[in-house]
Amino acid sequence: MSEPGFEPGTSSNDGSPRPTVSPYEEAMDALSSLITKRSRADKSNKGDRFDFLFDYLKMLDLDEPISRMNVIHVAGTKGKGSTCTFAESILRNCGFHTGLFTSPHLIDVRERFRLDG
10 MSEPGFEPGT SSNDGSPRPT VSPYEEAMDA LSSLITKRSR ADKSNKGDRF
60 DFLFDYLKML DLDEPISRMN VIHVAGTKGK GSTCTFAESI LRNCGFHTGL
110 FTSPHLIDVR ERFRLDG
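Here the sequence shown stands for residues 10 to 126, where the numbers follow the working numbering.
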């Protein structure tokens, strides 16, 4: 019986069994060779660097007011409304005054805003 991954009767120059490569492994190697270590983001875009953001806020003299703000910003594709509602409920039960903005509304635009529950 041959070892897994080795074809019977095949060997390398030193006499050891030579591994066989399945079509799946070949395909995965080919796809992996297309992946680069470079990030997708354009390196010239410096707008996502926080140090530049903080420098800009200082120039506008907004660094102090913003540092005093207590804000939770939730982003993503699913579950934002329930996550925000859950966090707002926890904070209110801990004695915090809360404001909640969600979008879109279901029936009336006033549903988007909640102050202290």
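Where is the CB? At the ideal position from N, CA and C, for every residue including glycine. For clarity, every value in this text was computed on a predicted model and none was experimentally measured.
I'd like the list of long-range same chain contacts for residue i, defined as Cβ closer than 8 Å, with 5 residues on each side in sequence excluded.
i, result
"residue 107", "97, 100, 101, 123, 124, 125 and 126"
Helix, strand or coil for residue i? Go by DSSP, reduced to three states.
i, result
"residue 90", "helix"
"residue 122", "strand"
"residue 105", "coil"
Within the continuous alpha helix (DSSP H) that includes residue i, where are the two ends?
i, result
"residue 40", "32-42"
"residue 62", "59-68"
"residue 72", "72-76"
Measuring alpha carbon to alpha carbon, tell me which residue in the options is nearest residue i.
i, options, result
"residue 111", "105, 119 and 104", "119"
"residue 95", "70, 109, 114 and 38", "109"
"residue 90", "64, 115, 61 and 44", "115"
Measure how close the beta-carbons of residue i and residue j come, nearest whole angstrom, since I'm counting them as under 8 Å.
i, j, result
"residue 92", "residue 83", "5 Å"
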